[in-house]
Every structure is written in C-alpha cells, then in structure tokens.
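Read the structure below first, then the notes.
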Amino acid sequence: MTTVLDTLSIFVMPDWKALIALLPFLLALLFIAWFAFTFRKFATLGPSRRAPARIQPITPASVHMPGGSAAPIVVAFGGAMLFLGLVLGGIWLAIGAVIMAMTLTVWMRDALRDYDHLENRTMLPAVIHEGPPPGVHMPGPSIRPLMGALGSAALLGGLVVGGWVLILAVVFLVYTLLGWLFDATAEYRKTVEADKTGHLENIPAVPLPMRTLQVFALAFVLLGLSQAGFFSSIAAGGGTGTPGASGAPGASGAPGGAAGAPPGALTVEAKVLEYKEKTLETAAGKPFTIWFVNEDGPGTPHDVELRNADGSVIKKQPPTDGGKSQAYTYDALQPGTYTYICSIHPIPAMTGTLTVK
Ligand SMILES: [Cu+2]
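Residue numbering for the sequence shown follows the numbering used here, starting at 243 and increasing by one per position.
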C-alpha cells in the first residue's frame with residue numbers, strides 16, 4: 243500500500259524542482275528532433291544518389307569557382323569537439339584538439355587540390371577587371387570582418403580569463419568596429435555623391451594593418467602570460483629552484499603559499515585556472531578553515547565555494563584576487579561528500595571533492 247501511495251504521490255505532488263531541471267533536456271530533445279526533421283527533409287529531397295555517381299563539376303569557360311566542399315562542415319565539427327574538450331578538460335581536450343587539427347588538414351587538402359586544379363588548367367582565361375563592370379556597384383574587399391571575428395574571439399577569451407586581457411580585447415574590438423563604422427560612413431557618402439554625379443565610386447581599399455595586429459598580438463601574449471603568473475613563477479623559480487618541486491606541504495618553496503595559513507587549515511592552491519588540490523578531508527562536527535592561495539596574476543580572481551550534493555551553496559564566499567590568499571571559514575558539517583568549486587570559473591579543473599568523516 244505504501245509503495246502504491248509513494249508512486250501515486252509523484253503524480254499528485256510533482257517535484258517541481260526536478261521537473262524544472264529537466265527543461266534543458268526537453269529543449270535539447272526538441273532541438274534534436276527539429277534537426278532530424280530538417281535533415282530528413284533535405285535527405286529525401288530530389289532523387290536519391292548512390293555513390294559514386296557524383297558528376298565531376300565542370301566550371302563553365304571563363305568562370306572560376308571552386309566546387310562544393312564538405313570541409314567547412316567538417317571543421318565546424320572539429321571546432322565543436324575542441325570546445326567540448328575545453329569544457330571537459332583532461333584527455334578530452336587532447337582528443338578535441340587532435341580532431342580539430344585533422345579537420346583543418348582536410349580543408350587544407352581540399353584547398354591544395356583546388357589550387358593544383360587551377361594550376362593545371364593553363365587554358366583558363368584569367369580575366370582581371372579593374373573594378374566592377376559598369377552599372378554594378380560592389381564594395382571592395384575589406385579586412386574589417388576578419389578583424390571583427392578576431393576581436394570577438396579575443397573578447398570571449400577575455401571574459402573567461404578576465405583582467406587586463408579582457409580590457410585589451412574590448413579595446414581591440416572597439417578599434418575594429420570604429421574602423422568599420424568609418425568605412426561604412428565613407429561608403430555612404432560615396433552613394434550620396436553618386437545620386438548627383440550618376441557615377442558610383444568605391445572607397446579606397448583599406449590595407450591590412452599589420453603593425454597594429456602585431457602590437458595587439460604581442461600585448462595579448464604578454465598580458466596572458468603575466469596573468470597566468472608565468473613571470474612571477476620565473477622570478478620565484480630563479481631563487482629557490484622550481485616552485486613546488488619539494489612537494490611536501492608546508493615546504494617554504496611555494497611562493498606566498500602555506501606560509502600564512504592558519505594552523506590546522508586545509509590548503510587549496512589555484513594556478514592557471516586549476517586547483518592543485520582536488521580532494522580534501524576533514525572531521526565531521528568540527529568547524530574548519532580552507533586557506534586559499536591564488537597563484538594566478540592580479541586580475542584573475544578565484545574562490546572556493548562549498549556546495550551540498552544537490553548543488554546548493556553552503557556559504558557564499560568573497561573571491562580572492564590573483565596573487566592573494568584568503569581564509570574561508572566554515573561551520574561544522576555532517577559526514578558526507580561535498581563539492582568545492584570556483585564560482586567564477588565553474589570548470590572541471592576548478593572543482594574538487596571534500597570528504598567529511
Ligand atoms: Cu576561478
């Protein structure tokens with residue numbers, strides 16, 4: 243009877259929290275269904291083809307255009323695998339990077355084949371126009387979209403890492419977008435002019451700003467390394483040998499490490515977006531302290547947020563900026579397993595398990 247009542251209660255009084263947690267899965271299912279539907283629609287469109295019946299595309303005389311290529315889709319898959327690896331970390335990152343590199347190689351092979359094809363066909367007349375044919379207006383090639391893509395990528399990276407890298411990314415993106423805006427304004431002026439003269443002229447092509455790109459690239463690399471604590475570890479390594487080589491906790495090797503820790507505290511160190519200690523242990527029924535050492539550079543804050551098995555936060559803690567240390571105190575806990583995680587970078591590398599016995 244009790245079993246029957248228990249089973250019925252699920253339907254009479256549903257666990258709303260669990261149901262809401264299922265929403266993302268429901269959305270994912272909908273998405274997959276929609277994708278399958280679209281895929282089926284395209285797959286069944288037109289007569290079905292059995293390999294290898296594909297007709298070699300023949301370019302009409304005087305026109306050069308590469309044929310259809312699966313490379314962009316393959317590379318998109320490689321990109322997805324790489325991002326998955328970045329999220330899952332560890333061996334998955336290596337697998338994702340290898341798949342990405344392989345898909346890029348596929349694209350390069352395609353491109354090389356295109357190029358060879360072009361080389362062999364010496365008969366192909368190369369028609370070089372001075373500009374668009376009369377009566378056609380087409381803006382010239384522009385470097386702005388590529389720089390916009392670079393800026394967006396830098397911005398996303400900056401949002402993860404924070405600090406000066408983020409500021410630099412914003413500066414680069416603003417620089418790019420302003421340039422794009424000026425180009426667009428100049429194009430618009432030419433169009434207005436054309437209304438009077440009846441002749442539309444392209445704005446002069448913008449050369450690739452190599453020097454600016456080089457300066458930004460160098461600044462990104464230097465700031466990124468500095469934020470990851472690369473230079474401070476070199477400075478520390480010069481004096482006392484490789485940091486952390488002595489291994490034993492409490493050794494004076496770690497820069498600014500366990501030195502200031504309160505007695506009996508559990509130490510957690512973070513470096514390059516990763517906790518060094520991924521498992522901790524403490525006694526049940528006793529208050530305890532986590533001494534947190536952030537060995538990343540200033541501008542890269544981390545914290546140690548202790549969570550219950552259901553994901554609820556036990557005590558909200560302030561972040562610790564790069565190069566600083568902080569004691570996170572906790573009240574006594576029941577025996578069990580708890581998760582500690584960086585609430586700023588909730589990735590597997592910044593997640594650990596606390597066992598309370
Ligand atoms: Cu963090």
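Backbone N, C-alpha and C fix where the C-beta goes; we use that ideal spot for every residue, glycine too.
Closer than 8 Å by C-beta to residue i: which residues in its own chain qualify, once you throw out the five before and the five after it? Chain order, please.
i           : result
residue 591 : 331, 515, 516, 517
residue 538 : 469, 470, 471, 512, 513, 514, 515, 544, 564, 565
residue 282 : none
residue 410 : 396, 400, 458, 461, 462, 465
residue 445 : 381, 382, 425, 428, 429, 432
residue 316 : 345, 348, 349
residue 337 : 323, 327
Residue i lies in the beta strand (DSSP E); which residues open and close that run?
i           : result
residue 278 : Looking at the DSSP string, residue 278 is not in any beta strand (DSSP E); the run it does join, the alpha helix (DSSP H), is 265–285.
residue 567 : 567–572
residue 595 : 593–598
residue 393 : Run containing residue 393: none in the beta strand (DSSP E); it sits in the alpha helix (DSSP H), 386–403.
residue 578 : 578–583
residue 532 : 530–536
Who are the Cβ neighbours of residue i in its own chain at under 7 Å, not counting the five residues just before and after it?
i           : result
residue 414 : 393, 396, 458
residue 448 : 384, 385, 425
residue 562 : 534, 536, 543, 544, 545, 568
residue 527 : 574
residue 352 : 311, 313
residue 557 : 548, 572
residue 343 : none
residue 260 : none
Specify, as a first and last residue, the run of the alpha helix (DSSP H) that residue i falls within.
i           : result
residue 516 : From DSSP, residue 516 is part of no alpha helix (DSSP H); its letter is neither H nor E.
residue 443 : No alpha helix (DSSP H) contains residue 443, which DSSP labels as neither H nor E.
residue 465 : 452–469
residue 317 : 313–330
Apart from the five residues on each side of it in sequence, which residues of its chain come closer than 6 Å, Cβ to Cβ, to residue i?
i           : result
residue 533 : 503, 507, 509, 569
residue 505 : none
residue 334 : 327
residue 520 : 594
residue 494 : The predicted position of residue 494 is uncertain, since its pLDDT is 37 and thus under 50; a value taken from the coordinates is nonetheless stated next. Hits under 6 Å: none found.
residue 422 : 386
residue 473 : none
residue 249 : none
residue 389 : 418
What three-state label does DSSP hand residue i in the structure shown?
i           : result
residue 252 : helix
residue 262 : helix
residue 562 : strand
residue 220 : Here the chain covers residues 243 to 599 and nothing more, so residue 220 does not appear.
residue 508 : strand
residue 575 : coil
residue 542 : coil
residue 495 : Because the pLDDT of residue 495 is 37, which lies under 50, any placement of that residue in the model is unreliable, and the question is left without a value.
residue 486 : Unreliable placement is indicated for residue 486, whose pLDDT of 38 sits below 50; no coordinate value is reported for it.
residue 244 : helix
residue 481 : With a pLDDT of only 41 at residue 481, under 50, the local geometry of the prediction cannot be trusted, and the value read off the model is given with reservation. Residue state, collapsed to three classes: helix.
Evaluate residue i with the Cβ neighbour count: other Cβ atoms within 10 Å of its Cβ, from every protein chain shown; 16 or more gives buried, anything less gives exposed.
i           : result
residue 441 : exposed
residue 354 : exposed
residue 439 : exposed
residue 437 : exposed
residue 597 : exposed
residue 408 : buried
residue 403 : buried
residue 522 : buried
residue 276 : exposed
residue 548 : buried
residue 258 : exposed
residue 382 : exposed
residue 456 : exposed
residue 576 : exposed
residue 427 : exposed
residue 298 : exposed
residue 430 : exposed
residue 252 : exposed
residue 341 : buried
residue 524 : buried
Would residue i count as contacting chain D if we go by Cβ distances under 7 Å?
i           : result
residue 577 : The structure shown contains no chain D, having only a single protein chain.
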